[in-house]
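So the structure is just underneath, and the comments pick up after that.
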């Protein structure tokens with residue numbers, strides 16, 4: 009990979025983070041200002057996105073989109089990814105925004121790498137690295153600053169929003185881990201398409217998208233369309249393109265732009281008042297994830 013390609017890859021990865029930042033901000037508009045019922049939003053978003061991705065996959069990969077179901081391991085991987093990764097993450101992230109704000113929800117979801125490492129320590133008895141311990145402490149302090157604004161006697165966001173946000177971080181970790189088996193022998197776009205469709209089927213079993221449809225105003229239609237394309241289709245395609253040009257660690261670092269962009273857009277469009285302590289907190293969380301990822305690459309064991 010030459011420097012020119014790496015720079016292009018960083019640009020595409022940055023655009024993907026920008027796209028997710030737009031999606032998170034629009035989700036706040038949908039969940040709070042437009043008062044759209046969550047169940048209808050989940051069903052509509054996943055159904056439309058799933059159909060679009062599978063049709064696109066069918067055109068690109070022709071008859072190979074069903075290969076993901078040829079083995080039990082891959083089938084189990086994509087089904088659990090769709091239910092416990094993608095569907096659960098969409099649900100927890102949405103309610104974290106609805107009960108709080110997009111900025112805090114994005115920061116809490118961004119903790120997913122820490123939850124992945126923690127899961128390895130708890131369930132697989134992996135020995136933690138020195139960088140893991142350092143990153144965990146820094147991230148904890150950063151989150152405390154974000155949710156208390158420097159005053160540890162009260163929360164700046166409702167407790168329910170904090171809990172949904174932590175759930176979003178955990179399910180985002182599932183989102184990364186669960187599809188790995190399916191992605192070993194299948195294109196990521198196909199795995200994403202089936203995962204989204206499986207999530208859509210589950211949501212429609214609970215609340216069909218044609219039931220309880222809110223008034224389809226221009227604002228609502230444009231907002232939902234923005235979330236579908238800028239929250240899934242565009243950024244995922246950009247990341248696929250970026251990964252071909254830049255190393256994975258560079259792409260993941262550019263992902264740090266997402267919470268920053270969401271916070272900036274929340275300040276601009278929702279007049280979110282952000283304090284100095286929150287800025288420091290966001291910075292500490294981003295630093296913690298960088299330390300975690302950098303330490304994992306180097307593999308420095310805890311003495």
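Residue numbers (this note's numbering): 9 to 311.
Using N, Cα and C, we set each Cβ at its ideal position, and we do this for glycine too.
With contacts defined by Cβ atoms closer than 7 Å, residue 158 and residue 119 do not form a contacting pair. Exclusion of the five residues before and after residue 91 leaves 206, 207, 210 as the residues of its chain whose Cβ lies within less than 8 Å of its Cβ.
Classified as buried, residue 140 has 16 or more neighbouring CB atoms from the shown chains inside 10 Å of its CB.
The alpha-carbon separation between residue 124 and residue 226 amounts to approximately 40 Å.
Taking 7 Å as the cut-off, the beta carbon of residue 180 is found no closer than this to the beta carbon of residue 302.
When only Cα atoms are considered, residue 294 and residue 267 end up about 9 Å apart. Rounded to whole angstroms, the Cβ separation of residue 48 and residue 229 is 13 Å, and the two are not in contact under 8 Å. Per the Cβ contact rule, the segment 48-60 is not in contact with the segment 160-174 (fewer than 3 Cβ pairs under 8 Å). Its chain contains 250, 253, 254 as the residues whose beta carbon lies nearer than 6 Å to that of residue 17, once the 5 sequence neighbours on both sides are disregarded; these appear in chain order. In this structure, the beta-carbon distance from residue 24 to residue 243 falls below 7 Å.
Between residue 231 and residue 99 a beta carbon distance of about 18 Å is seen, past the 8 Å cut, so the two are scored as non-contacting. Residue 81 carries a helical assignment under DSSP once its states are collapsed to helix, strand and coil. In this structure, residue 127 keeps its C-beta atom at 7 Å or more from the C-beta atom of residue 134.
In this chain, the alpha helix (DSSP H) harbouring residue 278 covers 265-278. In the three-state scheme derived from DSSP, where H, G and I count as helix and E and B as strand, residue 238 is classed as helix.
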